[in-house]
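Chains A and B, in that order, give the protein sequences.
Its first residue numbered 1, the first sequence is counted upward by one per residue in our numbering.
Its first residue numbered 1, the second sequence is counted upward by one per residue in our numbering.
No residue lacks a Cβ here, since even glycine has one placed at the ideal position from N, Cα and C.
Predicted model, so just to flag it, every value in this text is computed and none were measured.
Since the structure comes first, as structure tokens, the remarks are kept for the end.
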Amino acid sequence: GNSVTQMEGPVTLSEEAFLTINCTYTATGYPSLFWYVQYPGEGLQLLLKATKADDKGSNKGFEATYRKETTSFHLEKGSVQVSDSAVYFCALSVNQGGKLIFGQGTELSVKP
Amino acid sequence: NAGVTQTPKFQVLKTGQSMTLQCAQDMNHNSMYWYRQDPGMGLRLIYYSASEGTTDKGEVPNGYNVSRLNKREFSLRLESAAPSQTSVYFCASSEQGNSREQYFGPGTRLTVT
């Protein structure tokens, strides 16, 4: 079946530190991959996406590259800010009417 | 342009009570979704509607029903609430297609005692 696995949180970093949140997937077919972010008390919003192998999605200093050979889509940011504190969800969609399958989420806390 | 709106924001029910969660979108999207969010489990799809007039079960449909009232509105009904349905419920909408962004509402926090 289709599934997404993320590294467990919470992840606590100091401001300006480098961030990596690991995401691996299992899918039949050729999925589209997404990172969504949820700020406290809000719904999810799309952070970035990639629709085919070797594509790099980027937004707000965050990046993730679709790696078919390792079935991964790791999220990275070179220098995190306090305002990046949120829960990050990796997700995939594969030829099923746009339905998303989510990982369990990774909470990020950035300290000043 | 309000995006996706949900009502109510909070609700407390007793076991066996019923209620309907309302969702509306103003982006003219064909597809709409209901998810539940539980700690450590991410979001799981309850039901979805690929277009007006169609609905399909997701991963966790038991205990729920849905109605796609028109293109804008997609409601979720709990006929007889159970404590296991305590969760945060999110509605989302998107254009049709697999790589389309889903737009989420602010959520409804439901507690069943």
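query = Do you know offhand how far GLU15/A's Cα is from VAL82/A's?
reply = Walking along the first sequence from the start, residue 15/A turns up at place 15. Walking along the first sequence from the start, residue 82/A turns up at place 82. For GLU15/A and VAL82/A, the distance between alpha carbons rounds to 6 Å.
inquiry  = Quick check on ASP38/B: does DSSP put it in helix, strand or coil?
reply    = In the second sequence, counting from the first residue as 1, residue 38/B sits at position 38. If DSSP states are grouped into helix, strand and coil, ASP38/B belongs with coil.
request  = Have a look at LEU19/A, SER3/A, GLN6/A, CYS23/A and flag the residue whose alpha-carbon is nearest the alpha-carbon of VAL80/A.
outcome  = Taking the first residue of the first sequence as position 1, residue 80/A is located at position 80. Of LEU19/A, SER3/A, GLN6/A, CYS23/A, the residue nearest in Cα terms is LEU19/A.
task = Output yes if chain A places a C-beta closer than 9 Å to the C-beta of TYR64/B; else output no.
result = Here residue 64/B refers to the residue found at position 64 of the second sequence. Output row for TYR64/B: interface = no.
Span separating the alpha-carbon of ARG100/B from that of TYR33/B = The count along the second sequence starts at 1 and reaches residue 100/B at position 100. The count along the second sequence starts at 1 and reaches residue 33/B at position 33. Answer to the nearest angstrom: the Cα atoms are 13 Å apart.
ask   = Counting pairs of Cβ atoms below 8 Å between the segment 1-17 of chain A and the segment 56-70 of chain A, do you hit three or more?
value = no
request  = Measure how close the beta-carbons of VAL87/A and GLU107/A come, nearest whole angstrom, since I'm counting them as under 8 Å.
outcome  = By one-based count along the first sequence, residue 87/A stands at place 87. By one-based count along the first sequence, residue 107/A stands at place 107. Their Cβ separation, rounded to whole angstroms, is 5 Å, which keeps VAL87/A and GLU107/A in contact under 8 Å.
ask   = Would you call LEU47/A buried or exposed, if buried means 16 or more other Cβ atoms sit within 10 Å of its Cβ?
value = Taking the first sequence and counting its residues from 1, the one referred to as residue 47/A is at position 47. Burial call: buried.
ask   = Checking contacts by CB at 9 Å: is TYR61/A closer than that to chain B?
value = Translated into positions along the first sequence, residue 61/A becomes position 61. With the sequence shown as reference, residue 61/A is identified as Gly, and Tyr is not the correct amino acid for it. Judged by the 9 Å Cβ criterion, GLY61/A is not in contact with chain B.
task = Could you pull out every unbroken beta strand (DSSP E) segment of at least 3 residues lying fully inside the segment 41-108 of chain A, listed in chain order?
result = 44-50, 56-59, 62-65, 75-77, 86-93
request  = Indicate whether ALA50/B and GLN96/B have their beta-carbon atoms separated by less than 9 Å.
outcome  = Counting from 1 along the second sequence, the entry for residue 50/B is found at position 50. Counting from 1 along the second sequence, the entry for residue 96/B is found at position 96. Going by C-beta atoms, ALA50/B is nearer than 9 Å to GLN96/B.
task = Would you check if there are 3 or more beta carbon pairs closer than 8 Å linking the segment 20-36 of chain A to the segment 16-24 of chain B?
result = no
Enclosing beta strand (DSSP E) for THR12/A [first to last residue] = Reading the first sequence from its first residue, position 12 is the one you call residue 12/A. Run containing THR12/A: 11-14, per the beta strand (DSSP E) assignment.
task = Compute the beta-carbon to beta-carbon distance between LEU45/B and TYR35/B, rounded to the nearest angstrom, for a pair I have assumed lies under 8 Å.
result = Position 45 of the second sequence holds residue 45/B. Position 35 of the second sequence holds residue 35/B. Confirmed, about 6 Å.
task = Using only alpha-carbon positions, find the residue among MET41/B, ALA81/B, GLY105/B, THR7/B that is nearest to GLU59/B.
result = Within the second sequence, residue 59/B is the residue found at index 59, counting from 1. Nearest option by C-alpha distance: MET41/B.
key: Cβ distance (whole Å) where TYR64/B is taken to contact ARG77/B below 8 Å   = Here the question's residue 64/B lines up with position 64 in the second sequence. Here the question's residue 77/B lines up with position 77 in the second sequence. About 7 Å; that satisfies the 8 Å criterion.
query = Does THR51/A have its Cβ less than 9 Å from a Cβ in chain B?
reply = One-based indexing of the first sequence puts residue 51/A at position 51. Answer yes: the Cβ-Cβ gap between THR51/A and chain B drops below 9 Å somewhere.
task = Count the other C-beta atoms from every protein chain shown that fall within 10 angstroms of the C-beta of TYR39/A, then say buried if there are 16 or more, exposed otherwise.
result = Here residue 39/A is taken as the residue at index 39 of the first sequence, counted from 1. TYR39/A is exposed by the Cβ-count criterion.
inquiry  = So, under 8 Å CB-CB, PRO106/B and GLU42/A are touching, yes? Tell me the CB distance rounded to an integer number of Å.
reply    = Here residue 106/B is taken as the residue at index 106 of the second sequence, counted from 1. Here residue 42/A is taken as the residue at index 42 of the first sequence, counted from 1. Indeed they touch by this definition, with Cβ atoms about 6 Å apart.
query = Mind pulling the chain B residues with CB within less than 8 Å of PHE89/A?
reply = Along the first sequence, read from residue 1 onward, the residue named residue 89/A stands at position 89. Here the neighbours are GLY42, LEU43.
query = Considering GLN6/B, what are the terminal residues of the beta strand (DSSP E) in which it resides?
reply = Here the question's residue 6/B lines up with position 6 in the second sequence. Run containing GLN6/B: 4-7, per the beta strand (DSSP E) assignment.
request  = Starting from SER99/B, find everything on chain A with Cβ-Cβ shorter than 8 Å and list it in chain order.
outcome  = On the second sequence, residue 99/B is found 99 positions in, with the first residue counted as 1. Correct list: SER32, LYS49, THR51, SER93.
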